[in-house]
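There are 2 protein chains.
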Amino acid sequence: MPAAALPAQDGPRGADLVPITRLADLAAADRARILRRAQGTFADVLPIVEGVLDAVAARGDAALRELTAQFDGAALTDLRVSEEEFAAARAGADPVLLDALAHAARNITAFHSKQVPPEDVVAPQAGVRLWRVWRPITRVGLYIPGGKAAYPSSVLMNVIPARIAGCREIVLCTPPNRQGQVSPTILVAADLLGVRQVFKLGGSQAIAAMAYGTESVPRVAKLFGAGNRWVTAAKLVAASRGLAAIDLPAGPTELLLIADETAPPAFLAADMIAQAEHAEDSASVLLTTSEPLAHAVRDELTRQLGALPTRAMVVDSLQRYGLIALVASLAEAIAFANEYAPEHLGIMTRDPAAVLDGIVNAGSIFLGPWSAQPAGDYAAGTNHVLPTGGFGAMYGPLSVESFGRKLQVQELTRAGLAGLRSTVGTLATSEGLPGHRAAVEARFESPSEGSTSEEAGYVE
Amino acid sequence: MPAAALPAQDGPRGADLVPITRLADLAAADRARILRRAQGTFADVLPIVEGVLDAVAARGDAALRELTAQFDGAALTDLRVSEEEFAAARAGADPVLLDALAHAARNITAFHSKQVPPEDVVAPQAGVRLWRVWRPITRVGLYIPGGKAAYPSSVLMNVIPARIAGCREIVLCTPPNRQGQVSPTILVAADLLGVRQVFKLGGSQAIAAMAYGTESVPRVAKLFGAGNRWVTAAKLVAASRGLAAIDLPAGPTELLLIADETAPPAFLAADMIAQAEHAEDSASVLLTTSEPLAHAVRDELTRQLGALPTRAMVVDSLQRYGLIALVASLAEAIAFANEYAPEHLGIMTRDPAAVLDGIVNAGSIFLGPWSAQPAGDYAAGTNHVLPTGGFGAMYGPLSVESFGRKLQVQELTRAGLAGLRSTVGTLATSEGLPGHRAAVEARFESPSEGSTSEEAGYVE
Chain B
1 MPAAALPAQD GPRGADLVPI TRLADLAAAD RARILRRAQG TFADVLPIVE
51 GVLDAVAARG DAALRELTAQ FDGAALTDLR VSEEEFAAAR AGADPVLLDA
101 LAHAARNITA FHSKQVPPED VVAPQAGVRL WRVWRPITRV GLYIPGGKAA
151 YPSSVLMNVI PARIAGCREI VLCTPPNRQG QVSPTILVAA DLLGVRQVFK
201 LGGSQAIAAM AYGTESVPRV AKLFGAGNRW VTAAKLVAAS RGLAAIDLPA
251 GPTELLLIAD ETAPPAFLAA DMIAQAEHAE DSASVLLTTS EPLAHAVRDE
301 LTRQLGALPT RAMVVDSLQR YGLIALVASL AEAIAFANEY APEHLGIMTR
351 DPAAVLDGIV NAGSIFLGPW SAQPAGDYAA GTNHVLPTGG FGAMYGPLSV
401 ESFGRKLQVQ ELTRAGLAGL RSTVGTLATS EGLPGHRAAV EARFESPSEG
451 STSEEAGYVE
Chain A
1 MPAAALPAQD GPRGADLVPI TRLADLAAAD RARILRRAQG TFADVLPIVE
51 GVLDAVAARG DAALRELTAQ FDGAALTDLR VSEEEFAAAR AGADPVLLDA
101 LAHAARNITA FHSKQVPPED VVAPQAGVRL WRVWRPITRV GLYIPGGKAA
151 YPSSVLMNVI PARIAGCREI VLCTPPNRQG QVSPTILVAA DLLGVRQVFK
201 LGGSQAIAAM AYGTESVPRV AKLFGAGNRW VTAAKLVAAS RGLAAIDLPA
251 GPTELLLIAD ETAPPAFLAA DMIAQAEHAE DSASVLLTTS EPLAHAVRDE
301 LTRQLGALPT RAMVVDSLQR YGLIALVASL AEAIAFANEY APEHLGIMTR
351 DPAAVLDGIV NAGSIFLGPW SAQPAGDYAA GTNHVLPTGG FGAMYGPLSV
401 ESFGRKLQVQ ELTRAGLAGL RSTVGTLATS EGLPGHRAAV EARFESPSEG
451 STSEEAGYVE
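From first to last, the protein sequence lines stand for chains B and A. For the first sequence, this note's numbering gives the first residue as 1, with consecutive numbering after it. For the second sequence, this note's numbering gives the first residue as 1, with consecutive numbering after it.
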């Protein structure tokens, strides 16, 4: 398909930047590449990561210092960030950035505060009361990358739901530079939310430290936070060893857009660029019912890329995992979107709510032209920790629920148990568990029944 | 500590059956054994399980037939249960059992129906609307053991929340006997709930079939159901390969009881026996503030065990992982319970609600003497799929939420985005993502802005 005529400009454009094709005509191999995107396996890093976990389990802090010297080039004495380092980060912080973090934190708090509804008591029959009680996970661990990908916004997205959940202790690990210092904006964000247990640890050794616990680093029950492949592999190994639960498998970030002829091409192109600038393995896909729109978006991509500092990265990822595909109907777009299960889904159509009704697999959904995806990444209030690589078909976004669970409670009276007596007996007998039947029967035969139950106030 | 005088009787009793000791005096090794119970690692079975997954991935149904011949001794032509087999199971079913299953199903439905609350829209600032939409996982897979541990109640506990969640397709695997037949009570329970895709597959090959999909067995997005070590290991490998999500790691079943002097010894003993009869690796622990009660419970254990058909199993598991421990206070019992994180927690004290307030780690909690644990296993309505082996510190009981997730939705107006504009710009710039700032700015600079937004109805 020929590219529209464009003004002369450096670098790839038109079909060299991103192809336009009918979705139905997409070659099987290309379709598979687009659906798989950069989702990889961890087979190559697993042996290294398992060795790191074993070393930290066996030798604790000593292993952490060696691994940090080896992988980060930093010689640490204290693994934990000191009060002086926190104070220096605060003193050096840009007030405009602090205001922005506070603004984002307010909106994130507003959205997440609604996420733990009180549970009603259910009484399925007389004398049987059932309910659930919310309990936060006591101690949780959070990994925050450093270097280029040191995102204070990710501190907010993890810590705020943990705080709302009621987690008592939050342990945060983030890698040091060669001078043994961690990102001051990470420290400022942690400080803003009262997180004081910050350790200078990166990669799989950080996960190992929180999964096993060491002399310095407390052991946690659940691990949160996205990282590179080593970090993700270490989380998977920790979970499969039964050491800790994990939030969700995270991979390269991605956006799928569904648009009809009412969508502004400049907005679509802008969102695709924002997504593609993250890394060379990010994915940006546009599905549209309008061929003129498809070409207008490609023209806009070329135009907007002109002066962007991250232009090279955008070009690279668009060429790998980018696509503009024409669909015969919105139904065709919805079906592909559900197969893709995008982390971010933008819907710019005449009736976005109608498209939303058909979506079953996605992370975070942006309705209409003004719902710019970076607003959700930073400040609208929704969480930006989302399932990638097709995991949107089975996992949901990070939420307050991720930081705790609802324990079941049942309270029966004598009459309540009597009403279940024969059913429990029948089922227990059928399953070959006579002691289960006996445990109910004993309560109606026992001489201690009357007095004790009255004393304890359990008689109706 | 001397055992109370008991009538002469065969088999172990008193201290030979279960020790009574002060919790504070428990030797470190015994304390570790009690806390660890039968929770094992999967290191020994992982290579076998990985081989099974690889074989099924490579050769589909042919591999399933070979593995079923090898492990189950059954030569299968059709892997799927036929309509005739369903009809035969229905025809042969005991009407009393059918009534009991229907009764349990009603209560389970009543409790689980409350578990997906509608989400309110949150508007953290003008023009910014945020909410979550519930979406079931489209296709889920369920493993149900066969043989001695063929529990139709587990079919109810998994399928009912899946149905309430709205899962469109439920695939069920259960192992065949040497004649190629599966448990008729499993079939009857599946039939009762409209599950028709039942496959004659057991062990890790069943998990492999549902994780990869074969010619006969559909691929599922999430795997449910407890099984033996091979099944659990296969689920963990499937999850770590990114093939499917899993419910929760399941292991041997367990009960911890907290009692004071108001508790009826016969009830406590009956619950301990019911728990211990499951398997030789089940655990039953009683913590009590009353020394006379401790001895009375041990006497009751001996008395109630007298004629029980599962006596040998109970004795075996009590001797391995059973304990009656004296505590100085209910606070000491609560602290140990939270460290143990029991699957089932029974509270028989003067004020059970006060003890419940202190509990943070447990699966399902039974308040007061009439809340017999088998009632929760079968028919009260709560779920019996619960975290074991200490996983109660991080995972919750199976619930409707396990079968879907809430996708995030955001809808911004022009004014809404304008209100976030500078905050998003500041944060994006600070994180080195200029394209994110540009995606917002483009919307306020673009010539296509006015007309399209009005057409689409997004202007406030």
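Yeah, the Cβ is synthetic: ideal placement off N, Cα and C, and Gly gets one too.
{"query": "Would you list the residues sitting across from Y143(A) in a DSSP beta bridge?", "result": "C173(A)"}
{"query": "For a cutoff of 7 Å on Cβ pairs, would you count D78(B) as touching chain A?", "result": "no"}
{"query": "Can you say whether A24(B) is buried or exposed, counting buried as having 16 or more other CB atoms within 10 angstroms of its CB?", "result": "exposed"}
{"query": "Looking at chain B, which residues of the stretch 299-315 of chain A have a Cβ within less than 8 Å of any of its Cβ atoms?", "result": "Q304, L308, P309, T310 and V314"}
{"query": "Quick check: the Cα distance between L420(B) and A375(A), rounded to an integer number of angstroms?", "result": "7 Å"}
{"query": "Which partner residues of H344(A) appear in the DSSP bridge assignment?", "result": "L255(A) and S364(A)"}
{"query": "Taking only beta-carbon atoms, is V116(A) less than 7 Å away from chain B?", "result": "no"}
{"query": "Check the Cβ-Cβ distances between Q319(B) and every residue of chain A, and say whether any is below 7 Å.", "result": "no"}
{"query": "Take F366(A) as the anchor and find which of H344(B), R132(B), E277(B) and A110(B) has the nearest alpha-carbon.", "result": "R132(B)"}
{"query": "In the DSSP assignment, what are the bridge partners of F86(B)?", "result": "The partner list for F86(B) (beta bridge, DSSP) is empty, contrary to what the question assumes."}
{"query": "Check F444(B) in the structure and name its three-state DSSP category.", "result": "helix"}
{"query": "Does the distance from the C-beta atom of L257(B) to that of I34(B) stay below 7 Å?", "result": "no"}
{"query": "Under 6 Å Cβ to Cβ from S282(A), same chain only, skipping five residues before and after it: list those, please.", "result": "P252, T253, Q275, A276 and S317"}
{"query": "Can you name the residues of chain B whose CB is closer than 8 Å to the CB of R22(A)?", "result": "Ordered by position in chain B, no residue passes the 8 Å Cβ test against R22(A), which lies about 24 Å from the chain."}
{"query": "Which residues in chain B have a C-beta closer than 7 Å to the C-beta of N158(A)? List them in chain order.", "result": "Per Cβ cutoff of 7 Å: no residues; N158(A) is ~15 Å from chain B at best."}
{"query": "With a cut-off of 7 Å, does the C-beta of D120(A) fall near any C-beta of chain B?", "result": "yes"}
{"query": "Against chain A, with Cβ distances strictly below 7 Å, would E454(B) count as a contact?", "result": "Unreliable placement is indicated for E454(B), whose pLDDT of 39 sits below 50; the coordinate value is still reported in the next sentence. Output row for E454(B): interface = no."}
{"query": "Check whether the Cβ atoms of F199(A) and R80(A) lie closer than 7 Å to each other.", "result": "yes"}
{"query": "Would you call the stretch 338-352 of chain B in contact with the stretch 39-48 of chain B, where contact means no fewer than 3 C-beta pairs closer than 8 Å?", "result": "no"}
{"query": "Check this for me: beta carbons of L326(A) and V297(A), under 7 Å apart or not?", "result": "no"}
{"query": "In angstroms, rounded to a whole number, what distance separates the CA positions of A28(B) and I160(A)?", "result": "38 Å"}
{"query": "So is A221(A) in contact with chain B if we call contact Cβ pairs under 7 Å?", "result": "yes"}
{"query": "Where in the stretch 17-63 of chain A do unbroken runs of the beta strand (DSSP E), each at least 3 residues long, occur, reported from the N-terminal end onward?", "result": "20-22"}
{"query": "Taking only three categories from DSSP, how would you classify K235(B)?", "result": "helix"}
{"query": "Just the C-alpha distance for G389(B) and Y378(A), rounded to the nearest angstrom, thanks.", "result": "39 Å"}
{"query": "Can you list, in chain order, the residues of its chain whose CB lies under 8 Å from that of A233(B), leaving out five sequence neighbours each side?", "result": "F42, V45, L46, V49 and S204"}
{"query": "Could you list which residues in chain B have their beta carbon closer than 8 Å to that of T68(A), in chain order?", "result": "Residues of chain B passing the Cβ test: none, with the nearest at roughly 24 Å."}
{"query": "Quick check on W230(A) - is its C-beta less than 7 Å from some C-beta in chain B?", "result": "no"}
{"query": "Check the Cβ-Cβ distances between Q197(A) and every residue of chain B, and say whether any is below 7 Å.", "result": "no"}
{"query": "If contact means a Cβ-Cβ distance below 8 Å, which residues of the stretch 366-382 of chain A contact chain B?", "result": "F366, L367, G368, P369, W370, S371, A372, Q373, P374, A375, G376, D377, Y378, A379, A380, G381 and T382"}
{"query": "Can you tell me where the alpha helix (DSSP H) with A325(B) in it begins and where it stops?", "result": "No alpha helix (DSSP H) holds A325(B); the beta strand (DSSP E) holding it covers L323 to L326."}
{"query": "Can we say the stretch 207-224 of chain A touches the stretch 116-132 of chain A, given the rule of at least three CB pairs closer than 8 Å?", "result": "no"}
{"query": "Since I believe L398(A) is in contact with A372(B) (beta carbons under 8 Å), could you give me their beta-carbon distance rounded to a whole number of angstroms?", "result": "Incorrect: roughly 38 Å between the Cβ atoms, too far for contact."}
{"query": "Once you ignore the five residues that flank E445(A) on each side, which residues in its own chain have a CB closer than 8 Å to its CB?", "result": "none"}
{"query": "Does D247(A) come within less than 7 Å of chain B when only Cβ atoms are used?", "result": "no"}
{"query": "For M394(B), which of T413(B), A100(B) and A250(B) has the nearest alpha-carbon?", "result": "A250(B)"}
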